[in-house]
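Okay, structure first, notes after.
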Amino acid sequence: MKQIAWNLKQLFDGDGDPRIEEKRKIVEQKSYAFIHKWRDRRDYLKDPAILKQALDEYEEWKRDYGSDGDEGYYFWLRTMQNQNDPNLKARFNTIENFSKKIENDIQFFYLRIAKIPEKNQKTFLEYAVLKDYRHFLERIFAESKYLLSEPEEKILNLKTPTSHSNWTKMTSSFLAKEDRKVILKDGKKDTKTFSALLSLMNSNDKKVRDSAAKAFNDILKKYVDVAEIEINSVLANKKVDDELRQISRPDLSRHISDDIDTEIVDALIKTVSDRFDISTRYYGLKARLLKVKKLKYHERNVEYGKINKKYPYNKSINLIYKVLKNLDRTFTDILNGFIENGQLDVYPGKGKASGAFCAHHLISQPTYILLNHTDKLHDVLTLAHELGHGINNELIKGKQNALNFGTPISTAEVASTFMEDFVLQEILKQADDELRLSIMMMKLNDDVSTIFRQVACYQFEQELHQEFRQRGYLSEDEIGKIFRKHMAAYMGDYVEQSPDSENWWVYWSHIRSFFYVYAYASGLLISKSLQNTVRENPGFIKKVKEFLSAGLSDSPKNIFKKLGIDITDKEFWNKGLAEVETLLQKTTRLAEKLGKFR
Numbered sequence: 001m002k003q004i005a006w007n008l009k010q011l012f013d014g015d016g017d018p019r020i021e022e023k024r025k026i027v028e029q030k031s032y033a034f035i036h037k038w039r040d041r042r043d044y045l046k047d048p049a050i051l052k053q054a055l056d057e058y059e060e061w062k063r064d065y066g067s068d069g070d071e072g073y074y075f076w077l078r079t080m081q082n083q084n085d086p087n088l089k090a091r092f093n094t095i096e097n098f099s100k101k102i103e104n105d106i107q108f109f110y111l112r113i114a115k116i117p118e119k120n121q122k123t124f125l126e127y128a129v130l131k132d133y134r135h136f137l138e139r140i141f142a143e144s145k146y147l148l149s150e151p152e153e154k155i156l157n158l159k160t161p162t163s164h165s166n167w168t169k170m171t172s173s174f175l176a177k178e179d180r181k182v183i184l185k186d187g188k189k190d191t192k193t194f195s196a197l198l199s200l201m202n203s204n205d206k207k208v209r210d211s212a213a214k215a216f217n218d219i220l221k222k223y224v225d226v227a228e229i230e231i232n233s234v235l236a237n238k239k240v241d242d243e244l245r246q247i248s249r250p251d252l253s254r255h256i257s258d259d260i261d262t263e264i265v266d267a268l269i270k271t272v273s274d275r276f277d278i279s280t281r282y283y284g285l286k287a288r289l290l291k292v293k294k295l296k297y298h299e300r301n302v303e304y305g306k307i308n309k310k311y312p313y314n315k316s317i318n319l320i321y322k323v324l325k326n327l328d329r330t331f332t333d334i335l336n337g338f339i340e341n342g343q344l345d346v347y348p349g350k351g352k353a354s355g356a357f358c359a360h361h362l363i364s365q366p367t368y369i370l371l372n373h374t375d376k377l378h379d380v381l382t383l384a385h386e387l388g389h390g391i392n393n394e395l396i397k398g399k400q401n402a403l404n405f406g407t408p409i410s411t412a413e414v415a416s417t418f419m420e421d422f423v424l425q426e427i428l429k430q431a432d433d434e435l436r437l438s439i440m441m442m443k444l445n446d447d448v449s450t451i452f453r454q455v456a457c458y459q460f461e462q463e464l465h466q467e468f469r470q471r472g473y474l475s476e477d478e479i480g481k482i483f484r485k486h487m488a489a490y491m492g493d494y495v496e497q498s499p500d501s502e503n504w505w506v507y508w509s510h511i512r513s514f515f516y517v518y519a520y521a522s523g524l525l526i527s528k529s530l531q532n533t534v535r536e537n538p539g540f541i542k543k544v545k546e547f548l549s550a551g552l553s554d555s556p557k558n559i560f561k562k563l564g565i566d567i568t569d570k571e572f573w574n575k576g577l578a579e580v581e582t583l584l585q586k587t588t589r590l591a592e593k594l595g596k597f598r
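In this note's numbering, the protein residues as written are 1 to 598.
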């Protein structure tokens, strides 16, 4: 292994590099050259040839400079390496303020293109020379139907903090400040924070998880009346926005911003909810393995068995390399580049950000991956997951322009879960039966939470918004009743809807980012459907690479259409669900073979 920490010299030689100031001046100069050239002109809104010239210059700005250049990316990455350094925070805040001014000054370009009259939009979209920017324009035009005037848009932006985000921050900050005394594994009591209680509820020690659940429910009960007012306020704000924009259904604005057809999301939600039997059978299996008639609501994520095998970083890389090599040599070339160039920051460190992520900014800049590797199975899968994102980035860079760099929300998790699941298959081959059973149960738990729970949450949101719009206000009891109905639908008879579980919507932040959760299910199911096809036909990996290279160059629907796949068809989603069901069947058979049900 050559590098185990980020080498940021591809951006700057260090925090004191004199080029930081020089490059900032260049970003400012290039940004305002574009702004001053096009701000007072209107000819590009009428003539496709002139729009092509403007878009070429905008694309070059987006590719090489953006609003913060290398400096913004560099200091963001540095703050991730050391979150306790106030000097780094100050440097990042300075460039962020610099960036915001440029973003505000340049946004006229996007907004004016959006206002091109509908009768002229077709001419622009059919103009051959604009083909590289066709979908960029399609996305703007799709949104333009619902945009108000520039002064009205400004008013809506200005009211967002007071009408939405301040409300949601209030609830989350109240919860974050709470702590409670709970029983730990050694039998002693200790005070734990609200977020720590969430992980303690997954303990395989019943005393520990029950104590944590009691404390967790106590906190939710304390704030449910506050959350009632908060959620009604943000629902009312959403209703007003939709009415002003003449948006016909509450989830439509999400679909527009995510570049996905409503019919596709509807097909996904219907297909998954028709197969809630898979998730209910999984909970039945878990209850039998844990020797209980029913799992309590807070016990649905309790780990089964023990996964003690160690996976040091070098071993993890070798394992992933083997899997990627079997899939496609391009993937291993990208992995080698990441390692050789110091694009992975591997081990935990004082002040370093927790968790893991794959970072990218401008298309011209390197990808960086942050890990906190501690030699556990979870760390290997996390490494595979983040490398999937990184490979996705590099494939897009090789094929797309800067305006098509990125992935739609609906498919953002496809590459990551695709790589992760193939690595898991390799791990399972090397495990004995007891370890395999524990790993398979862990994987099923993740899949059920990502697919079935998120779809149940989406349906809860749909009914919540619908009921609010009919009644004008919903009490905590009414919200709790709707929540419990949808949670019970995917959990089935083997999970108890325990007292106080009706309040668990209080802390679920995603329901405040309206209708976001479908994307977890869509990403994983698309990934599983592609995995299924690659297993049947290894040559299909070429098509997978085409998809991963497409970025934002077309809608997910059209990208898949070019691959001969119809994602509006329920059978596509069923193919992904079949992968989960097959794993459930194999896990059940293995448990029977090991005599777990005697």
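Using N, Cα and C, we set each Cβ at its ideal position, and we do this for glycine too.
7 Å CB neighbourhood of residue 438 in its chain, flanking five on each side removed: Once the five neighbours on either side are set aside, the close Cβ partners of residue 438 are 304, 305, 306 and 307.
Closest Cα partner of residue 55 within the set 124, 202 and 482: The shortest C-alpha separation from residue 55 is found at 124.
Please report the straight-line C-alpha distance between residue 156 and residue 373, rounded to a whole angstrom. The straight-line gap from Cα to Cα measures roughly 43 Å.
Compare the C-beta of residue 72 against all C-beta atoms of chain C and say whether one is closer than 7 Å. Chain labels in this structure do not include chain C; a single protein chain is all it has.
Proximity of residue 194 and residue 212 at Cβ, strictly below 7 Å: Result no, Cβ atoms of residue 194 and residue 212 do not sit closer than 7 Å.
Buried or exposed for residue 538, going by 16 or more other Cβ atoms inside 10 Å? That one is exposed.
Hey, residue 351 and residue 87: beta-carbon distance below 7 Å or not? With a cutoff of 7 Å on beta-carbon distance, residue 351 and residue 87 are scored as not near each other.
By alpha-carbon positions, which one of 582, 250, 229 and 231 ends up nearest to residue 239? Comparing alpha-carbon positions, the option among 582, 250, 229 and 231 lying closest to residue 239 turns out to be 250.
Fully enclosed by the region 442-484, which alpha helix (DSSP H) runs are 4 residues long or longer? Within the region 442-484, complete alpha helix (DSSP H) segments of at least 4 residues are found at 454-471, given in chain order.
Stretch pair the region 256-275 + the region 565-580: three plus CB contacts closer than 8 Å: The region 256-275, when compared against the region 565-580, does touch it at the 8 Å Cβ threshold.
Compare the C-alpha of residue 480 against each of 91, 498, 295 and 314 and name the closest. Among 91, 498, 295 and 314, the Cα nearest to that of residue 480 is on 498.
Would you kindly check if the distance between the Cβ of residue 375 and the Cβ of residue 311 is under 7 Å? The Cβ-Cβ distance between residue 311 and residue 375 falls below 7 Å.
Does the region 70-78 come close enough to the region 18-31 to have 3 or more Cβ pairs within less than 8 Å? In short, these stretches touch, since the Cβ pair count reaches three.
Between which two residues does the alpha helix (DSSP H) carrying residue 598 extend? Per DSSP, residue 598 belongs to no alpha helix (DSSP H) and is neither H nor E.
Would you mind giving the Cβ-Cβ distance between residue 415 and residue 389, rounded to the nearest angstrom? I have them listed as a contact below 8 Å. Yes, they are in contact, since the Cβ atoms of residue 415 and residue 389 sit about 6 Å apart, within 8 Å.
Option in 67, 103 and 243 with minimal Cα separation from residue 148: Residue 243 is the option with its Cα nearest to residue 148.
Considering only their Cβ atoms, is the gap separating residue 523 from residue 413 smaller than 7 Å? Between residue 413 and residue 523, the CB-CB gap stays under 7 Å.
Could you say if the region 481-490 and the region 326-344 meet the contact criterion of at least three C-beta pairs nearer than 8 Å? Three or more Cβ pairs closer than 8 Å define a contact, and the region 481-490 falls short of that threshold against the region 326-344.
Quick one: is the Cβ of residue 27 within less than 6 Å of any heavy atom of the ligand PLP? By its list of ligands, the structure shown contains no ligand whatsoever, and the ligand PLP lies outside what it can speak to.
Minimum C-alpha distance to residue 278 - residue among 253, 319, 449 and 189: Of 253, 319, 449 and 189, the residue nearest in Cα terms is 449.
Candidates 256, 517, 37 and 237: which alpha carbon is nearest residue 161's? Out of 256, 517, 37 and 237, 237 has the C-alpha closest to the C-alpha of residue 161.
Could you tell me the boundaries of the alpha helix (DSSP H) in which residue 208 lies? Annotation: the continuous alpha helix (DSSP H) that includes residue 208 extends over 206-245.
Let me make sure I understand the geometry here. Which of 216, 432 and 276 has the alpha-carbon closest to that of residue 494? Of the candidates 216, 432 and 276, the one whose C-alpha sits nearest the C-alpha of residue 494 is 276.
Option in 411, 183, 111 and 564 with minimal Cα separation from residue 206: Of the listed residues, the one whose Cα sits closest to residue 206 is 183.
Looking at the structure shown, is residue 184 part of a helix, part of a strand, or coil, going by DSSP? Annotated three-state conformation of residue 184 is coil, per DSSP.
The region 361-368 contacting the region 340-347, beta-carbon criterion three pairs below 8 Å: These segments touch.
Does residue 302 come out as helix, strand or coil in the three-state DSSP assignment? Three-state DSSP puts residue 302 in coil, outside helix and strand.
Spatially closest choice to residue 180 from 191, 30, 58 and 380, by CA coordinates: When 191, 30, 58 and 380 are compared, the shortest CA-CA separation from residue 180 is found for 191.
Residues in the same chain with beta-carbon distance under 7 Å from residue 127, minus the five sequence neighbours each way, listed in chain order, please. Contacts found: 48.
Could you please give the first and the last residue of the uninterrupted beta strand (DSSP E) stretch that includes residue 189? Residue 189 -> beta strand (DSSP E) spans 189-193.
Helix, strand or coil for residue 13 per DSSP? Here DSSP, grouped into helix, strand and coil, assigns residue 13 to coil.
Of the residues 327, 408 and 441, which one's Cα is nearest the Cα of residue 599? Lying before the first or after the last residue shown, residue 599 is absent from the chain, which here runs from 1 to 598.
On a CA-only basis, which of 65, 511, 67 and 272 is nearest residue 526? Give me that one, please. The option with the nearest alpha carbon to residue 526 is 272.
Residue 368 lies in the alpha helix (DSSP H); which residues open and close that run? Counting along the chain, residue 368 falls outside any alpha helix (DSSP H), though it belongs to the beta strand (DSSP E) covering 368-370.
Taking 7 Å as the threshold (C-beta atoms), are residue 405 and residue 284 in contact? In terms of Cβ geometry, residue 284 and residue 405 do not form a close pair [threshold 7 Å].
Among 356, 514 and 317, which residue has its Cα nearest to the Cα of residue 460? Measuring from the Cα of residue 460, the nearest candidate turns out to be 514.
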